[in-house]
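For reference, the structure discussed in these notes is given below.
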Amino acid sequence: SEQETELRKGIANGEFFLVYQPQVASSGQVLGAEALLRWKHPKRGLVGPAEFIGLAEESRLILPLGLLALEMACEELVAWSQKPALSELTLSVNVSAQQFHEPDFVNAVRTVMERCGVQPNRLKLELTESLLANDLDDIVAKMESLKAFGVGFSLDDFGTGYSSLNYLKRLPLDQLKIDQSFVQDVLTDPNDAAIARTVITLGQSMGFAVIAEGVETIGQRDFLMANGCHTFQGYLFGRPMTAKHFAEFVTRGP
Ligand code: G
Ligand code: G
Ligand code: MN
Ligand code: NA
172 SEQETELRKG IANGEFFLVY QPQVASSGQV LGAEALLRWK HPKRGLVGPA
222 EFIGLAEESR LILPLGLLAL EMACEELVAW SQKPALSELT LSVNVSAQQF
272 HEPDFVNAVR TVMERCGVQP NRLKLELTES LLANDLDDIV AKMESLKAFG
322 VGFSLDDFGT GYSSLNYLKR LPLDQLKIDQ SFVQDVLTDP NDAAIARTVI
372 TLGQSMGFAV IAEGVETIGQ RDFLMANGCH TFQGYLFGRP MTAKHFAEFV
422 TRGP
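Be aware that the sequence shown starts at 172, since it is given in UniProt numbering, and climbs by one per residue.
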């Protein structure tokens, strides 16, 4: 299609870049960021993922685009490693199910990391539950290979997909992300509050860190903190921002 051609050209022409949304501890310390793709389209201007990730997946262009995102993230991590204020931060990169299921996914990630010279323990890969429609043994094996290399894993949008406690038990995860749909009404909807508390407790008992996303108010943060969640991402702490702004944000404060 025409849109697919545009997307393909955009990838080839370097029209994509990453923005960085802070991930913050309850102390206020910035722990790292999530890298999020943006498309600087020559005619349409700035385009967000809602308008191209779907098409990228249908056309399988998510494979080169996902690799590009990983490369840009690794390059940024290397830049951070040379600045004292940024050198300890972690960077989370979204990985689509299609990308993860490529037979050479593990090697592709390792190759990019080695080429950039990035410290593997600074990189976190965010997986979604849609991944789990496939063979669990294969998923676990791939995760184990990358974990042995030092890469961390976070389960994104947790509780919105094909959640099963059986796979949660088997996946070598480091972190669960409480989906923003549960955080949004956590103060007013008792069901969302119960779900948020349950995810926090589940994470704690299974030895996973827990991060809440979409935190917009002090009230939401305080509720989550009172229930044992101490890492946050959301507009309250910072919007997704350019690499330059993120470095300033960490160095000088918001
Ligand atoms: O910023 P926000 O609108 O930035 O992101 C919307 C969605 O797009 C999120 O669900 C996010 O996971 C997804 N997304 C952003 N960047 C990437 C990426 O590099 N790869 C994949 N697969 N998804 C991404
Ligand atoms: O990968 P994922 O779906 O988790 O990406 C996070 C998405 O959530 C991005 O689109 C990002 O811009 C958005 N986001 C991050 N923080 C907030 C927030 O506090 N409120 C809202 N409404 N959206 C947020
Ligand atoms: Mn994400
Ligand atoms: Na998410």
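From the three backbone atoms N, C-alpha and C, an ideal C-beta is built for every residue, glycine too.
Note that the structure is a prediction, hence the values are computed from the model and not measured.
{"Asked": "What residue does the beta strand (DSSP E) around A188 start on, and which one ends it?", "Found": "The amino acid occupying residue 188 in the given sequence is Phe; Ala does not appear at that position. Its beta strand (DSSP E) spans residues 187-196."}
{"Asked": "Just verifying my parser: in three-state terms, what is the DSSP assignment at Q290?", "Found": "coil"}
{"Asked": "Which residue's Cα is closest to the Cα of A312: V190, R341, T388?", "Found": "R341"}
{"Asked": "Pick out whichever of A221, H272, W210, K318 has its Cα sitting closest to the Cα of F188.", "Found": "W210"}
{"Asked": "Apart from the five residues on each side of it in sequence, which residues of its chain come closer than 6 Å, Cβ to Cβ, to E387?", "Found": "G405, Y406, L407"}
{"Asked": "Would you check whether ligand 2 has a heavy atom nearer than 7 Å to the C-beta of D327?", "Found": "yes"}
{"Asked": "For S352, which residues of its own chain have a beta-carbon under 7 Å away from its beta-carbon, when the five flanking residues on both sides are left out?", "Found": "T331"}
{"Asked": "Secondary structure at S263, three-state DSSP: helix, strand or coil?", "Found": "strand"}
{"Asked": "Verify the contact flag: A221, CB atom, against every heavy atom of ligand 1, threshold strictly below 7 Å.", "Found": "yes"}
{"Asked": "Would you please state the rounded distance, in angstroms, between the beta carbons of L373 and Y338? I believe it to be under 8 Å.", "Found": "Actually they are not in contact, since the Cβ atoms of L373 and Y338 sit about 13 Å apart, beyond 8 Å."}
{"Asked": "Are there any heavy atoms of ligand 2 lying less than 7 Å away from the beta-carbon of E297, as far as the coordinates show?", "Found": "yes"}
{"Asked": "Which same chain residues end up closer than 8 Å to G323 when comparing Cβ atoms and leaving out the 5 residues on each side of it in sequence?", "Found": "T261, N292, L294, K295, L296, D345, Q346"}
{"Asked": "Short of 7 Å in beta carbon distance, which residues of its chain neighbour F320, apart from the five on each side in sequence? Order them along the chain.", "Found": "R281, P291"}
{"Asked": "Out of curiosity, what's the CA-to-CA distance linking P213 and G199?", "Found": "38 Å"}
{"Asked": "Starting from M243, follow its DSSP beta bridges and name the residues at the other end.", "Found": "DSSP, once it has assigned bridges, lists no residue as partnering M243."}
{"Asked": "Below 8 Å between beta carbons: does that hold for V264 and A279?", "Found": "no"}
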